[in-house]
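Heads up, the sequence shown is in this note's numbering, so the first residue is 5 and it goes up one at a time.
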Amino acid sequence: MKNFRNLEKLQDATFNDLVAIEDIGDIVAKSIIEFFKSNEVKNNIKELLDLGITPYFESKEIKEESILMGKTVVITGTLNNFTRNEIKEKLEGLGAKISSSVSKKTDYVLVGSDAGSKYDKAVELGVKILSEEDFLAMVGGR
């Protein structure tokens, strides 16, 4: 979790700390807190740390402010210029959040060829549709 830079901070997180994170609601926050209260979990974590195993918290650095910063993007269809992993990395590097499903909280749907139900749902909800060309123009090319 990018909001917590180490395991100790995650273990010590309060309910309010957790629900403040996008996509974490009451149930997940309570589950995380209960998980870390378990003596078995505490002992297992201590044993792993004592063995020299340290958790890795990936930190994705956003290089610059972008139009997609904080926006939720869904990808559908086959893109010509990017593999699925390449486009996800590009979007995350621009500060976007990738979602697998379209909802009223979706900001953009990036549409490639053979787009299916995600495209239809975006149209139904009035979500902004981006072609691959629109996306490249928006972010200044590949």
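Ideal Cβ placement from N, Cα and C applies to all residues, glycine included.
Checklist entry - Does the Cβ-Cβ distance between Val131 and Thr80 come in under 8 angstroms? => result no
Next on the checklist: Can you give me the C-alpha to C-alpha distance between Ser104 and Ile133, rounded to a whole angstrom?
Outcome noted: 15 angstroms
Next on the checklist: Which complete alpha helix (DSSP H) runs does the region 72-114 hold, if anything under 4 residues is left out?
Outcome noted: 88-97
Next on the checklist: Which residue marks the beginning of the beta strand (DSSP E) containing Pro49, and which one marks its end?
Outcome noted: Just to set this straight, residue 49 is Ile in the shown sequence, not Pro. Counting along the chain, Ile49 falls outside any beta strand (DSSP E), though it belongs to the alpha helix (DSSP H) covering Asn43 to Asp54.
Checklist entry - Hey, how far is the Cα of Val143 from the Cα of Ile49? => result 42 angstroms
Item to check | Which listed residue (Phe139, Ala17 and Ile28) has its alpha carbon closest to that of Asn84 | outcome: Phe139
Next on the checklist: Using 8 angstroms for Cβ pairs, my map puts Ala119 next to Val106. What's the rounded Cβ distance?
Outcome noted: Not confirmed; about 11 angstroms, so no contact.
Checklist entry - Are any of the Cβ atoms in chain D nearer than 8 angstroms to that of Leu140? => result Given the protein chain composition of this structure (a single chain), no chain D is represented.
Checklist entry - Val70 by DSSP, collapsed to three states: which one? => result The displayed chain sequence assigns Ser, not Val, to residue 70. DSSP places Ser70 in coil when its eight states are reduced to three.
Checklist entry - Taking three-plus beta-carbon pairs below 8 angstroms as touching, is the region 89-100 in contact with the region 71-80? => result yes
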